[in-house]
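Report on the following structure.
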Amino acid sequence: MDRDFTVLGLESSCDDTAAAVLRGRTILSSVVADQTALHEAYGGVVPEIAARAHAEKLDLCVEQALTDAGLHLSEIDAIAVTAGPGLIGGVLSGVMLAKGLSAATGKPLVGVNHLAGHALTPRLSDGMEFPYLILLVSGGHCQFLRVDGPVSFHRLGSTIDDAPGEAFDKTARLLGLAQPGGPSVEQRARDGDEARFAFPRPLLDRSGCDLSFSGLKTALLRQRDQLVAEQGGLHAQDVNDLAAGFQAAIRDVLAEKSRRAIALCSGITGFSVAGGVASNASLRAALETLCGEYDLPFVAPPLSLCTDNAAMIAFAGAEKLACDGADDLTLTARPRWPLDQASPAALGSGKKGAKA
Ligand code: KG4
Ligand code: ZN
704 MDRDFTVLGL
714 ESSCDDTAAA
724 VLRGRTILSS
734 VVADQTALHE
744 AYGGVVPEIA
754 ARAHAEKLDL
764 CVEQALTDAG
774 LHLSEIDAIA
784 VTAGPGLIGG
794 VLSGVMLAKG
804 LSAATGKPLV
814 GVNHLAGHAL
824 TPRLSDGMEF
834 PYLILLVSGG
844 HCQFLRVDGP
854 VSFHRLGSTI
864 DDAPGEAFDK
874 TARLLGLAQP
884 GGPSVEQRAR
894 DGDEARFAFP
904 RPLLDRSGCD
914 LSFSGLKTAL
924 LRQRDQLVAE
934 QGGLHAQDVN
944 DLAAGFQAAI
954 RDVLAEKSRR
964 AIALCSGITG
974 FSVAGGVASN
984 ASLRAALETL
994 CGEYDLPFVA
1004 PPLSLCTDNA
1014 AMIAFAGAEK
1024 LACDGADDLT
1034 LTARPRWPLD
1044 QASPAALGSG
1054 KKGAKA
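Residue numbers (our numbering): 704 to 1059.
If you want it as structure tokens, here you go:
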């Protein structure tokens, strides 16, 4: 990619409003306004509240990103925006603003698939070469992808129900821990005994790389209720042990399915992981060990690039523009948009939007 090519990226597909300016692979600015506080009282993302907040905040984020980068809009070469998949109200806010900016400045417009943003992140952070394997794990997504090019993805498997982040968030709610659930469950798990409770390892008995997580939270609910019935409540150590057992089950399933995905891919340059759950230290360690066994380079992008951000959208936009050209003003927002059009659609739709 041209080192001086400068892209403004916009992201508003879930509960983070983000804008960033990227030059080549250098992030000149990255602004993320998260909506956690707005949704806290509801125990999950409320699409209508998310959409309004995006509409209110997105132009401010763009101004901030340009100021932080020390650039004027006229110095931007292209505008990239998440055009799906996700909560449609938020995606629409982003697409409409990007179209307005493109129409006003005459700069090329690129609609980016949010999942492509995550999937191309190891190229932004580490210059990873095609083809490589990536595990996307977040609150809305869970899939293995072989990334062959900027717009060429092959899905090897995906969740058939919940995404792991969703399961972490539900578990935190069941244990009375703060949202988002991943970091709070991980923190309590550090002082827990992962062997005390036997949690299932769903779908390991079935061949292939598909995953399932909805049964895990039911198992946790049962275990919790049993302890409450026996003891009249949960001790702090019980919460630690339940958190540790649950995290270990997710880690083991993701590691074993990653082993199978690696076995299905020949000629890949390495293995990477992205999405909010990729910040889990226990998961990262397990995947690193696994890659060590196969002598395969393991790339774990920095945490700020694992969670939703607009730098990854700007980067994916620049890559798509170079190989596929720009979109025009007929670009539409898509609630569902599978990266791999050839693979059958994954089942279900999560709290955080459609699982493409
Ligand atoms: O990628 P992301 O920021 O947003 C989308 O879902 O697209 O991921 C957020 C998800 C939340 O469900 C959160 O609980 C989970 O990632 N998460 C974690 C950790 N940090 C965030 N899950 C496990 N361990 C963590 N340390
Ligand atoms: Zn995401």
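Idealized CB from N, CA, C, for every residue including glycine.
| Asked | Found |
| --- | --- |
| Tell me the rounded alpha-carbon separation between ALA786 and VAL850. | 20 Å |
| Kindly indicate which residue of LEU990, PHE902, ALA1013 and ARG962 has the alpha-carbon position closest to the one of THR729. | ALA1013 |
| Pull the bridge partners of GLN846 from the DSSP assignment, please. | LEU839 and SER861 |
| So which residues put a beta carbon under 5 Å from any heavy atom of the ligand ZN, going in chain order? | SER841 and ASP1011 |
| Nearer than 8 Å: is that true of the beta carbon of HIS742 relative to any heavy atom of the ligand KG4? | no |
| Looking at the unbroken beta strand (DSSP E) that takes in PHE974, where does it start and where does it end? | 974 to 977 |
| Only counting the same chain, and skipping five residues up and downstream in sequence, which positions put a Cβ closer than 6 Å to that of GLY797? | LEU713, SER715, VAL784 and THR785 |
| At a threshold of 8 Å, does VAL749 count as lining the ligand KG4 (C-beta to nearest heavy atom)? | no |
| Within 10 angstroms of its Cβ, does HIS742 collect 16 or more other Cβ (buried), or is it exposed? | buried |
| Among the residues of its own chain, which have a CB less than 7 Å from the CB of GLU959, if the five just before and after it don't count? | LEU907 |
| Along the chain, where does the beta strand (DSSP E) containing ILE730 start, and where does it finish? | 729 to 737 |
| Output the residue ranges of the alpha helix (DSSP H) runs that lie fully inside the segment 735 to 823 and measure 4 residues or longer, sorted by chain position. | 739 to 742, 750 to 772 and 791 to 808 |
| How would you call THR709, buried or exposed, if buried means at least 16 neighbouring beta carbons within 10 angstroms? | buried |
| Buried or exposed: where does GLN926 fall if 16 or more other Cβ atoms within 10 Å of its Cβ makes it buried? | buried |
| With respect to 8 Å, is the separation between the Cβ of PHE916 and the closest non-hydrogen atom of the ligand KG4 below this value? | no |
| What does DSSP give as the partner residue(s) for LEU725 in the beta ladder? | VAL710 and ILE730 |
| From the DSSP output, which residues share a beta bridge with VAL1002? | SER975 |
| Tell me, which residues are paired with GLY852 by DSSP? | SER855 |
| Taking 9 Å as the threshold (C-beta atoms), are PRO867 and LEU957 in contact? | yes |
| Could you tell me whether any non-hydrogen atom of the ligand KG4 is closer than 8 Å to the CB of PRO886? | yes |
| Does the distance from the CB of LEU880 to the CB of VAL942 come in under 9 Å? | yes |
| From what residue to what residue does the alpha helix (DSSP H) around PRO1078 run? | Any question about residue 1078 goes unanswered here, given that the chain covers just 704 to 1059. |
| Just the C-alpha distance for PHE1018 and ASP1011, rounded to the nearest angstrom, thanks. | 13 Å |
| Do LEU836 and PHE974 have their beta-carbon atoms positioned less than 9 Å apart in this structure? | yes |
| For the ligand KG4, I want to know if LEU1042 counts as a neighbour, meaning its beta carbon is within less than 8 Å of at least one of the ligand's heavy atoms. | no |
| Assuming PHE916 and ASP864 are in contact, meaning their beta carbons sit under 8 Å apart, how far apart are those beta carbons, in whole angstroms? | 6 Å |
| What is the DSSP secondary structure of ALA1059, counted as helix, strand or coil? | Bear in mind that a pLDDT of 49 at ALA1059, under 50, signals an unreliable position, so the model cannot answer this. |
| Spatial neighbours of LEU823 within its chain, please: CB distance less than 8 Å, with the 5 preceding and 5 following residues excluded, ordered by chain position. | VAL850, PRO853, MET1015, PHE1018, ALA1019 and GLU1022 |
| Buried or exposed for HIS938, please, with buried defined as at least 16 other CB atoms from any protein chain shown within 10 angstroms of its CB. | exposed |
| Per DSSP, which one or two residues make a beta bridge with THR720? | ALA736 |
| Leaving out the 5 sequence neighbours to the left and right, which residues in its chain are closer than 6 Å to GLU832 when beta-carbon positions are compared? | THR972 |
| Counting C-beta neighbours from all protein chains within 10 Å, is the total for CYS1026 16 or more, i.e. buried, or is it exposed? | exposed |
| If I measure Cβ to Cβ from LEU986 and keep anything under 7 Å in the same chain, skipping five residues before and after, which residues do I get? | ARG954, LEU957 and VAL980 |
| What would DSSP say about GLY1051, mapped onto helix, strand or coil? | The pLDDT assigned to GLY1051 is 49, lower than 50, so where the model puts this residue is not dependable; a value taken from the coordinates is nonetheless given after this. The answer is coil: DSSP assigns GLY1051 none of H, G, I, E or B. |
| With distance defined between alpha-carbon atoms, name the residue in LEU1034, ASP707 and ILE752 nearest to ASP780. | ASP707 |
| Which term fits GLN934, buried or exposed, when burial requires 16 or more other beta carbons within 10 angstroms of its beta carbon? | exposed |
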